[in-house]
């Protein structure tokens, strides 16, 4: 248990019939009249839904212990992604539904943060950007370089994103894992 006066960004709370909520931001408010309160923005750990919630100052809230570990993606085992803890070499099988959109940008050897609560995997979080190779894209036409247009390209993971017309098959690019957007070329 913790008091609302002790809230910090990233802290995970257990509210509303054992649902886990992560504190995105909080603000202590002391109005001129009336009691102080804490205004928070909370994100549901499983669904990603964000809500605003207000607590009276000093209210007790239940905290949850979330174990975040840096792990490396090893291989696919059917519908399961197998991650390895690089300190203990323990392997963890995570189903495709839990990995979610991160699966679009995962290749063997990539590092990810795996969050667990009471032995259950909550989510898999990738770095903000990853470097991937273009598996296939149509060639750009000469003169297209200054138009600022885009074309579809298939990444080595099999996922397709939009890239500028000058990008060619075999190039390494940087991709934003949160939005799936092209960020730039990777200089070799």
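In my numbering, the protein residues as written are 370 to 557.
For every residue, glycine included, the Cβ atom is placed at its ideal position computed from N, Cα and C.
{"query": "Whole-angstrom C-beta distance between residue 376 and residue 409, which should lie under 8 Å", "result": "7 Å"}
{"query": "Identified DSSP bridge partners for residue 381", "result": "391"}
{"query": "Whether residue 525 touches residue 541 by CB criterion (7 Å)", "result": "no"}
{"query": "Which listed residue (406, 431, 478, 466) has its alpha carbon closest to that of residue 423", "result": "406"}
{"query": "DSSP beta-bridge partners of residue 486", "result": "489"}
{"query": "Contact the stretch 436-444 vs the stretch 470-482: 3+ CB pairs below 8 Å", "result": "yes"}
{"query": "Residue 419 - partner residues in DSSP beta bridges", "result": "412"}
{"query": "N- and C-terminal bounds of the alpha helix (DSSP H) containing residue 465", "result": "465-468"}
{"query": "Bridge partner(s) assigned by DSSP for residue 432", "result": "382"}
{"query": "Start and end residues, beta strand (DSSP E) containing residue 453", "result": "449-454"}
{"query": "Collapsed DSSP secondary structure at residue 446 in the structure displayed", "result": "strand"}
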